[in-house]
Amino acid sequence: MKIGLEVHVALPTKTKLFCSCKTYVEEPNTSICPICMGMPGSKPKLNKEALKIGLSVSEALHCKIKSRIGFVRKVYFYPDLPKSYQISQLYDPVGYNGYVDLGSKRINIRRVQLEEDPARIYREDDYTLLDFNRSGTPLLEIVTEPDIQSEEELRGFYAELRSILYYLGIDIDKEMKADLNISLSDSRVEIKNVTGIKNLVDAARYEIKRQSALIEKGEEPRVETRSYLPERMTTERTREKETDEEYGYIFEPDLTFYSTTNVEKIEPVYASAIAKEYAEKYGASEKTLLELIAYDRNAMELLETSAHRHGMQSIISALETLKKFKVQMDPEKFEKVIALVEANAALDAERINIIAKGGEVKIGKGISEKEIEEDIEKFIAKNPGIVEEANRNPKSINAIVGKVAKETGANAKVVAELVSKRLGIKP
Ligand SMILES: [Zn+2]
7 MKIGLEVHVA LPTKTKLFCS CKTYVEEPNT SICPICMGMP GSKPKLNKEA LKIGLSVSEA
67 LHCKIKSRIG FVRKVYFYPD LPKSYQISQL YDPVGYNGYV DLGSKRINIR RVQLEEDPAR
127 IYREDDYTLL DFNRSGTPLL EIVTEPDIQS EEELRGFYAE LRSILYYLGI DIDKEMKADL
187 NISLSDSRVE IKNVTGIKNL VDAARYEIKR QSALIEKGEE PRVETRSYLP ERMTTERTRE
247 KETDEEYGYI FEPDLTFYST TNVEKIEPVY ASAIAKEYAE KYGASEKTLL ELIAYDRNAM
307 ELLETSAHRH GMQSIISALE TLKKFKVQMD PEKFEKVIAL VEANAALDAE RINIIAKGGE
367 VKIGKGISEK EIEEDIEKFI AKNPGIVEEA NRNPKSINAI VGKVAKETGA NAKVVAELVS
427 KRLGIKP
């Protein structure tokens with residue numbers, strides 16, 4: 007089995023790729039000019055910020071970068087593209103021959119290229135309408151070699167790529183989509199425009215099953231383009247697949263070559279490498295750390311500033327609390343959350359928000375585990391049937407946990423662990 011991906015992301019530039027119109031303007035057709043509408047005689051000019059981000063992504067993916075890059079016209083007709091070509095890259099892209107390492111497995115990157123988005127087509131009543139605000143928005147296409155060989159590798163690669171892009175300032179939640187190329191035999195089937203890791207894995211799983219069934223029957227899967235239907239978790243045929251030869255690529259004469267040598271690039275951050283490093287150095291689960299920092303710059307900063315001062319378990323609990331309540335804060339305030347964790351105090355949304363706003367919360371002298379244990383004993387003495395009940399139905403310990411946590415103001419997680427220990431039940 008061979009899987010390759012073409013991932014498309016929109017770049018976070020204030021203006022479009024080849025003109026100075028603003029990007030992401032809501033009111034249709036208000037951010038347009040002769041260049042992004044493709045009028046004859048208009049001359050495109052490259053957005054330097056898009057070049058900088060494109061080269062930064064290429065460098066972060068360990069790509070080779072030529073001393074100059076150039077553009078081509080990808081010629082095809084569609085109503086969203088009135089000039090009948092999309093400005094893209096082919097021979098001199100921003101990056102080529104890169105890779106992403108997933109542990110011992112290397113997924114090679116064929117190329118990284120800049121291109122413009124066409125206009126948006128949408129329907130209203132009986133009309134088909136065009137919004138040119140989107141026309142000319144900078145996109146980056148990242149193409150892998152067909153090196154992905156399992157669902158786990160697909161998931162791992164996409165998560166790693168998303169994390170790298172996130173740290174380069176790209177909005178991965180809004181605009182990221184992928185085309186999946188899957189072949190179990192000689193025929194390559196492409197599934198277009200899949201968004202999100204879950205859909206990507208589901209689409210691959212369905213397509214592998216579909217192609218395997220055909221091959222088992224002695225049939226060769228057709229070379230074609232399909233689309234993924236998330237609500238039915240299946241793919242359906244949309245058209246015969248085009249090959250690069252079918253697009254008339256020609257050199258873009260309006261854009262000259264651009265030098266890459268003096269472009270300042272954004273420093274890459276590899277959350278997976280940092281999670282590994284901290285897990286080994288301070289003793290913690292690499293997976294847990296990565297889940298906390300992969301797409302969260304604030305959590306990354308808090309981990310880095312607190313790791314040498316506190317136990318990793320306290321830091322993880324404090325970070326999990328911030329994630330749960332979707333709260334961000336600076337390292338100084340984070341110290342107060344860790345203090346709550348270390349005092350076994352309750353970690354509720356109200357207290358965390360007070361800290362985030364710069365307020366103080368009382369920890370008092372803190373509650374020791376011994377005190378919590380004493381309260382548990384008192385509760386059991388008052389409710390003698392509870393031990394037997396808990397053995398019959400382990401869920402009933404939630405009642406004890408809730409009561410003791412409320413009375414002592416202690417952290418419910420800590421109370422739950424102690425109650426389970428006392429009653430000999432696995433939490
Ligand atoms: Zn424009």
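Those letters in the sequence shown? Residues 7 to 433, by my numbering.
Even glycine gets a Cβ: it sits at the ideal position worked out from N, Cα and C.
Bear in mind the structure is a predicted one, so any value in this text is a computation, not a measurement.
Taking Tyr234 as the centre and dropping the five residues before and after it, the same chain places the C-beta of Ile197, Val200, Asn205, Ala209 and Thr241 closer than 7 Å to its C-beta, in chain order. Pairing Glu326 with Gly364, the inter-Cα distance amounts to about 20 Å. DSSP lists His14 as the bridge partner or partners of Lys183. Here the C-alpha atom of Ala324 lies approximately 44 Å from the C-alpha atom of Ser141. Membership of Val407 in the alpha helix (DSSP H) is indicated by the continuous run Ile403 to Thr414. DSSP lists no bridge partner for Glu273.
Contact between Cys69 and Asn103 holds, since their C-beta atoms are separated by about 6 Å, short of 8 Å. The C-alpha of Val229 is placed about 19 Å away from the C-alpha of Ile154. In the DSSP assignment, the residues bridged to Asn114 are Tyr105. Rounded to the nearest angstrom, the Cβ distance from Ser291 to Ala285 is 6 Å, consistent with a contact under 8 Å. Within its own chain, the residues whose Cβ lies closer than 8 Å to the Cβ of Val81, once the five positions on either side in sequence are excluded, are Ser90, Tyr91, Tyr253, Gly254, Tyr255 and Ile256, listed in chain order. Residue pairing by DSSP places Tyr255 opposite Lys80 in a beta bridge. The beta carbon of Ser402 lies closer than 8 Å to those of Ile392, Glu395 and Ala396 in the same chain, with the five residues before and after it left out.
Rounded to the nearest angstrom, the gap between the Cα atoms of Arg112 and Leu67 is 11 Å. For Val149, the uninterrupted beta strand (DSSP E) run begins and ends at Pro144 to Thr150, by DSSP. It is roughly 7 Å from the alpha-carbon of Phe340 to the alpha-carbon of Leu308. CA-CA distance, Pro46 to Ser94, rounds to 18 Å.
No heavy atom of ligand 1 is found nearer than 7 Å to the CB of Ile93.
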